[in-house]
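Colleague:
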Amino acid sequence: MAMLNRVHLNGLRAVETVARLGSLAAAASELNVSVSAVSQQISRTEKQLGQALFERTTSGLVLTEFGAIFAARLGAGFRELAQAVALADEATQCTLVVSAAPAFASKWLLPRLSRHFDRHPNVLLRIDASVRLANLDHSDIDIAIRLGDGKWPGGKAELLLAQEVFPVCAPDIARKLKSIGDLARTCAITDERAMISWESWFAAAGVQAVTFQKGARFTDPMLCLESAIAGHGVMLGWQLLTADALADGRLVAPFRIRAQSGLGYWLVTSTTKAESRKVRDFKIWIKEEIAATMARFGSSVAEPSGAIAVESTAAPFYVQSDIPRRQAGS
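Numbering-wise (the working numbering), the sequence shown opens with residue 295 and increments by one.
1) With contact counted as at least three CB pairs below 8 Å, one residue from each stretch, are the region 523–543 and the region 396–408 in contact?
2) Which stretch, first to last residue, makes up the beta strand (DSSP E) that contains F348?
3) I'd like to know whether the C-beta atoms of A320 and A308 end up nearer to each other than 9 Å.
4) Taking 7 Å as the limit between beta carbons, can you name the residues of its chain near V391, skipping five residues before and five after?
5) Using DSSP with H/G/I as helix, E/B as strand and the rest coil, what is A394?
6) Would you list the one or two residues that DSSP bridges to A541?
7) Which residue marks the beginning of the alpha helix (DSSP H) containing K470, and which one marks its end?
8) Can at least three beta-carbon pairs, one atom from the region 487–500 and one from the region 568–578, be found at a separation below 8 Å?
9) If distances are taken between C-alpha atoms only, which option among G444, V462, K450 comes closest to A456?
10) Could you tell me whether any non-hydrogen atom of the ligand MG is closer than 8 Å to the CB of L471?
11) Taking D485 as part of the beta strand (DSSP E), name the residues at either end of that continuous run.
12) Considering only the beta carbon of each residue, do I483 and A510 sit closer than 9 Å?
13) Is the distance from the Cβ of L430 to the Cβ of S323 below 9 Å?
14) By a C-beta neighbour count over all protein chains shown, 10 Å radius and 16 as the cutoff for buried, is L427 buried or exposed?
15) What is the residue span of the beta strand (DSSP E) that T563 lies within?
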């Protein structure tokens, strides 16, 4: 290896290319350099080796006996190098980059990823957990899962799940809620950056809004969820954030009323990039997981212990222009 350090790689590439293609001009075209540059690289390499690799004839360069043996070894070496580089390219092609907000990634997506690994063992998943609205046309992100109204410039959006909102709390608190009015004796857990509001839920329930006791305030929905599980008060949750905690009993939905928020989870892909097989497979998988989650969610909230039945006046989900403009990132 020490001797190899004395020889420039560009020179070796020039020798291999000329030997393989048979002319300086063809080699210059492949290497995207001038003919004189190729000639100079060959001469420099011969000096570094102390051996002539080509004979200069009127018809062009002809390999010497040593040059023929040397070029054959070079060819094999560069083929190995090309295969090594191809491995990296293959790994990139088999990596699916999914952009999702941290709360969605942590509380719903992550616990289910093993089933994607089992179904598609050759696809490596990389989760870009961020609230930023990534530019899908100019990034390595293959698909984004975004919360909003489905209107993102430069993105092709497909509705995954309309978001419904409803109160959730720990079982001990739920047992004390005999009516919606009892919410006034509880603390509200508030996400200061939320795009949803209690007013929409009270309107859907057809009752006057109550004034909560002052409770904990956070800037992250995951902290709100953990605070609710810990019994600090009542939070306004939605299906995918609370589904698992409702299913295993850490949380209870004390009222059966669910209000449409006007928002939804969307699958977003680039409008300029062709949709790959790995993206299509991911879409199929995540839709199946959503369906399974919602079936389990329906069982969890249909008849919760002590639940209060309230007539819903919630409107169906539509994408409207007056939906709050602030949208969660991909």
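Positions of the beta carbon are idealized from the N, C-alpha and C atoms, including for glycine.
The structure displayed is predicted, hence computed values, not measured ones.
Modeller: Checking against the coordinates, here is how it stands:
1) yes
2) Counting from 1 along the sequence shown, the entry for residue 348 is found at position 54. Per DSSP, F348 belongs to the beta strand (DSSP E) from 348–351.
3) Working through the sequence shown from its first residue, we reach residue 320 at position 26. Working through the sequence shown from its first residue, we reach residue 308 at position 14. Their beta carbons are not under 9 Å apart, which means A320 does not touch A308 by this criterion.
4) Indexing the sequence shown from 1 puts residue 391 at position 97. Only R420, D422, D434, I435, D436 meet the Cβ criterion.
5) Locating residue 394 in the sequence shown gives position 100, counting from the first residue. Collapsing the DSSP output to three states places A394 in a strand.
6) Numbered from its first residue, the sequence shown carries residue 541 at position 247. Answer by DSSP bridge pairing: none, since A541 is not bridged.
7) By one-based count along the sequence shown, residue 470 stands at place 176. Counting along the chain, K470 falls outside any alpha helix (DSSP H), and DSSP gives it neither H nor E.
8) no
9) Translated into the one-based positions of the sequence shown, residue 456 becomes position 162. It is G444 whose Cα lies nearest to the Cα of A456.
10) Although the ligand MG was asked about, the structure shown includes no ligands whatsoever.
11) Here residue 485 corresponds to residue number 191 of the sequence shown, with the count starting at 1. 482–485 is the span of the beta strand (DSSP E), which, as asked, contains D485.
12) Within the sequence shown, the letter at position 189 stands for residue 483. Within the sequence shown, the letter at position 216 stands for residue 510. Cβ distance < 9 Å, so I483 and A510 count as in contact.
13) What you label residue 430 is simply residue 136 of the sequence shown in a count that begins at 1. What you label residue 323 is simply residue 29 of the sequence shown in a count that begins at 1. Going by C-beta atoms, L430 is not nearer than 9 Å to S323.
14) Within the sequence shown, the letter at position 133 stands for residue 427. Counting Cβ neighbours within 10 Å, L427 comes out buried, since at least 16 surround it.
15) One-based indexing of the sequence shown puts residue 563 at position 269. 553–564 is the extent of the beta strand (DSSP E) around T563.
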